[in-house]
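Chains as they are written, first to last, in the numbering used here: chain A, 14 to 163; chain B, 174 to 585.
Yeah, the Cβ is synthetic: ideal placement off N, Cα and C, and Gly gets one too.
Only one structure is covered here, and it is reproduced in the block below.
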């Protein structure tokens, strides 16, 4: 059961119970909807972009604890960052949860997002952890819809 | 551990026939409660498929050599056997397809092309699997026909009065599920058929979740088409059956064109083969068919009625045990049910339930179960579903309940 405790860490459960920035954002100038047709999870990501800086970000939708917590932590993690920094962070998160790449995840860069590391042991949950991130990426690229089926 | 069900069903001896059930998952004995997705296979089915490939692999209906004759004989023997299993009056009315989905697509395509036109209506229900929705939507897009949906109650029963009102002179087909893959509801299909027939409307029944659980007699039901999948009936994947009445099949154009379905071909004109071959283009799934024949054999050896009684005990016990867990809610409370229990754990998404149960060795399905309109009917995105077969035990339901306690603990 240790893998289970590793997956459902207190930080994850907390973000699932009380997701941060879980609302719509009227000032958003980039909005994208992400959808995983396999499991039916849906997330809408709102980004307020000033130049290349994410000045505000929020999300709505429904999904499992992993997807909700990941979305919540994502919004906390990228607020105030440049689009380049946000994309780099997504790459690092993806490397961590999908277990790709040989090197250890960059804990300094990831900060509290390292709580998602337990996902690595659950390959069929990687898509849950990355749906919101793919959707944010889509929003930054001006895509209105991201159909995601990793 | 020796276990008998309440009515003496020898479940432990039966479990010996299923090699896959012996394994450990994450260090725990496998508790397979996902038979509605696909059932496990007894050794006799595995052996039949292996024996075909080892001893008689050849193409059918064309070889003049020994192996081809033998393969053809076994393929056709399987057809007769499976036809008898659903009491089809004539094996020529039983068409082998890849599964329920292909069977329904065949009818949508062939019956649809011949009989369904703009402003005609097709009646389905609110509890259909996507495979009994999307083929009709495609047909409606092509023809301008309209889809009509029979509503259901909160408990998960079809509203028969509403069905009666949907039937009219423009209705060209009723296509409904026999047993719901999410709610477990056994629909009153015989009555639905009678009502449609009184207005000369043919009926297709999706029997994917019915044939593994209830005795099916297509003559008694008097349905015009009946579809099911082999892999949910303890047989291989990629093989299923469409039963259709000759009167309809004879009037329907072929589904796919190719080998085996023709009588003669010239560039000017092709004449089609007789039933059922008109609908079986190309080399079929010979091994799958022989495997399905073995599966039906096995199931009849267990006893369809005895299996159903045992499953009824499993369902009753699961309903009682899950309903008693605070924070667990059951979806689907129809009086006539079989096969599965859909449930929700308060504040926990079904996928998280599924992951935690899996760590206990318990395999369930979590999600929309390919029935998104039904989920929407209940305002849900997903449910967890434990589904049963005759090889499950009452003890396994205790393991399920303990694992659900762990779900609640993790999310407390």
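Query                                                                                                                                   : Result
Sufficient close CB pairs (3 or more, under 8 Å) joining the segment 384-401 of chain B to the segment 410-423 of chain B               : yes
Beta bridge counterpart(s) of residue 46 of chain A as assigned by DSSP                                                                 : A:57, A:158
Simplified DSSP assignment, three categories, for residue 141 of chain A                                                                : helix
Euclidean distance between Cα positions of residue 134 of chain A and residue 118 of chain A                                            : 15 Å
Within 7 Å of chain B by C-beta, residues of the segment 117-151 of chain A in sequence order                                           : 135, 138, 141
Simplified DSSP state of residue 195 of chain B, which is helix, strand or coil                                                         : helix
First through last residue of the beta strand (DSSP E) which encompasses residue 379 of chain B                                         : 376-379
Exposure label - residue 290 of chain B; buried when at least 16 CB within 10 Å                                                         : exposed
Near-chain B residues of the segment 55-77 of chain A (beta-carbon distance less than 8 Å), N- to C-terminal order                      : 55, 75, 76, 77
Nearest to residue 84 of chain A (by Cα), restricted to the options A:21, A:29, A:154, A:156                                            : A:29
Neighbouring residues, chain A, relative to residue 540 of chain B (Cβ below 8 Å)                                                       : 51, 52, 53
Cβ-based burial, residue 140 of chain A [other Cβ within 10 Å; buried from 16]                                                          : buried
Reduced DSSP category for residue 105 of chain A - H, G, I as helix; E, B as strand; rest coil                                          : helix
Distance between beta carbons of residue 298 of chain B and residue 323 of chain B, contact taken as under 8 Å                          : 4 Å
Of the listed residues B:515, B:456, B:537, B:305, nearest to residue 279 of chain B (C-alpha basis)                                    : B:305
Contact with chain B by residue 27 of chain A, beta-carbon distance below 8 Å                                                           : no
Contact list for the segment 537-566 of chain B against chain A, Cβ threshold 9 Å                                                       : 539, 540, 541, 545, 548, 554, 555
For residue 69 of chain A, the first and last residue of its enclosing beta strand (DSSP E)                                             : 66-75
Against chain A: residues of the segment 185-217 of chain B by CB proximity under 7 Å                                                   : none
Against chain A: residues of the segment 515-534 of chain B by CB proximity under 7 Å                                                   : 522, 524, 525, 528, 529, 532
Segments assigned alpha helix (DSSP H), at least 4 residues, entirely inside the segment 511-556 of chain B                             : 523-532, 545-550
Residue 190 of chain B to residue 184 of chain B span [Cα, whole Å]                                                                     : 10 Å
Residue 356 of chain B, DSSP secondary structure in three states                                                                        : coil
Within-8 Å CB hit, residue 583 of chain B to chain A                                                                                    : yes
Same chain only: Cβ atoms within 6 Å of residue 142 of chain B, ignoring 5 sequence neighbours per side                                 : There is simply no residue 142 of chain B to check, as chain B begins at 174 and stops at 585 in what is shown.
Simplified DSSP assignment, three categories, for residue 279 of chain B                                                                : helix
Separation of residue 390 of chain B from residue 374 of chain B, as counted between CA atoms                                           : 20 Å
Runs of alpha helix (DSSP H) wholly within the segment 401-446 of chain B (minimum 4 residues, chain order)                             : 419-422
Enclosing alpha helix (DSSP H) for residue 323 of chain B [first to last residue]                                                       : Not the alpha helix (DSSP H): residue 323 of chain B falls in the beta strand (DSSP E), residues 319-323.
Short Cβ contact (8 Å threshold) for residue 79 of chain A with residue 142 of chain A                                                  : yes
Cβ pair residue 532 of chain B, residue 38 of chain A closer than 8 Å                                                                   : no
Nearest-angstrom Cα separation, counted from residue 542 of chain B out to residue 77 of chain A                                        : 16 Å
As assigned by DSSP and simplified to three states, the class of residue 9 of chain A                                                   : The question about residue 9 of chain A has no answer, for chain A in this structure spans 14 to 163.
Neighbourhood of residue 404 of chain B by C-beta distance below 6 Å, restricted to the same chain and skipping five residues each side : 211, 410
DSSP three-state assignment for residue 19 of chain A, whether helix, strand or coil                                                    : helix
Exposed unless 16 or more other CB atoms sit within 10 angstroms - verdict on residue 45 of chain A                                     : buried
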